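Encoded as structure tokens, the structure appears first; notes follow it.
Numbering (my numbering), first residue to last: 1125 to 1368.
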């Protein structure tokens, strides 16, 4: 039940490649149609039935927290702030204190994929999975650029949708699709995370989960991210069209 399921959004990154566009703000606060990109992610969660969201902040944390204390969209918001960069894995582990549901959902704050979260949760539970990653088989690149899954996590699945290989930003060919930055985790995943303070979900956690209850939930929805100026502009244009 999504109203009882916590959503954690990772939004602490600086976004150095996007600095020409967001030099005065954090990456997730980049403007799309007059509102922060993160608003689009949160609005989708609310529409799907999520009621409690944990924002993992870091770079320009005050800016994000001040904005969402005034613009909560009617949701219960918690803020897990990192004083030093912890990476995606470290930021999630740092938020453990705030996570109340099992399983719970995790989202990259700098990407958006309109996933049916009820279907994701049903899939996760039907597979008795420990971790599920949303795999997008459809990706829109900026005009004039070829599709390049090497810029994202390249995921290989077997016939039962188990993840058999996870390549984070690997130039190798193949795979069933790319990591859409949406996950469903059981609480025990937090217990098995590295003891180090700073680590990455994509580099340090996911490869170690292969063969240990790690599944891929395939979707055909477009996946948008704002990691570079070119991708930001493509996402901005596409999301503005969807808004009309």
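Glycine included, C-beta positions come from ideal geometry on N, C-alpha and C.
Keep in mind it's a predicted model, so treat the numbers as computed, not measured.
Measure from the alpha carbon of residue i to the alpha carbon of each residue in the options, then state which is nearest.
i            : options                : result
residue 1355 : 1141, 1336, 1243, 1132 : 1141
residue 1277 : 1203, 1340, 1365, 1359 : 1340
residue 1344 : 1325, 1304, 1308, 1360 : 1304
residue 1131 : 1350, 1308, 1312, 1198 : 1308
residue 1318 : 1328, 1311, 1310, 1312 : 1328
residue 1369 : 1300, 1334, 1301, 1302 : Here the chain comprises residues numbered 1125 to 1368, so residue 1369 is not present and cannot be evaluated.
residue 1357 : 1137, 1133, 1135, 1144 : 1144
residue 1287 : 1320, 1253, 1310, 1208 : 1253
residue 1174 : 1300, 1158, 1183, 1133 : 1133
residue 1359 : 1139, 1135, 1161       : 1161
residue 1127 : 1245, 1249, 1258       : 1245
residue 1138 : 1191, 1206, 1259       : 1206
residue 1300 : 1208, 1257, 1310       : 1257
residue 1284 : 1251, 1261, 1260       : 1251
residue 1187 : 1249, 1135, 1178       : 1135
residue 1282 : 1311, 1342, 1229, 1249 : 1342
residue 1125 : 1178, 1208, 1179, 1229 : 1229
residue 1227 : 1192, 1331, 1248       : 1248
residue 1129 : 1330, 1311, 1289       : 1311
residue 1332 : 1351, 1302, 1353, 1289 : 1289
residue 1330 : 1353, 1351, 1280       : 1280
What's the call for residue i, buried or exposed, on a 16-neighbour Cβ count within 10 Å?
i            : result
residue 1194 : exposed
residue 1243 : exposed
residue 1176 : buried
residue 1315 : exposed
residue 1291 : buried
residue 1197 : exposed
residue 1320 : exposed
residue 1184 : buried
residue 1172 : buried
residue 1349 : buried
residue 1163 : buried
residue 1158 : exposed
residue 1365 : exposed
Rounded to the nearest angstrom, how far is the Cβ of residue i from that of residue j, given a contact under 8 Å?
i            : j            : result
residue 1255 : residue 1323 : The pair is not a contact, with the Cβ atoms about 15 Å apart (cut-off 8 Å).
residue 1156 : residue 1363 : 6 Å
residue 1306 : residue 1231 : 6 Å
residue 1189 : residue 1200 : In fact, because the Cβ distance is near 14 Å, the residues do not count as touching under 8 Å.
residue 1225 : residue 1347 : Residue 1225 to residue 1347, Cβ: 25 Å. No contact.
residue 1179 : residue 1191 : Going by Cβ atoms, the distance from residue 1179 to residue 1191 rounds to 10 Å, so no, they are not a contact pair.
Practice prompt. May I ask you to verify whether the region 1203-1221 touches the region 1150-1167, counting CB pairs closer than 8 Å and requiring at least 3?
Written response: No contact exists between the region 1203-1221 and the region 1150-1167.
Worksheet item: Quick one: any contact between the region 1234-1252 and the region 1202-1217, if contact means 3 or more CB pairs under 8 Å?
Response: With the rule of 3 Cβ pairs closer than 8 Å, the region 1234-1252 does not count as touching the region 1202-1217.
Discussion item. Counting beta carbon pairs with one atom in the region 1202-1212 and one in the region 1157-1171, are three or more of them shorter than 8 Å?
Written reply: Verdict: no, contact absent.
Item to complete: Output the residue ranges of the alpha helix (DSSP H) runs that lie fully inside the region 1209-1283 and measure 4 residues or longer, sorted by chain position.
Response: Those alpha helix (DSSP H) runs which fall completely within the region 1209-1283 and span 4+ residues are 1211-1218, 1241-1250.
Fill in: alpha helix (DSSP H) segments (min. 4 residues) lying fully within the region 1163-1197
Listed in chain order, the complete alpha helix (DSSP H) runs (minimum 4 residues) inside the region 1163-1197 are 1185-1194.
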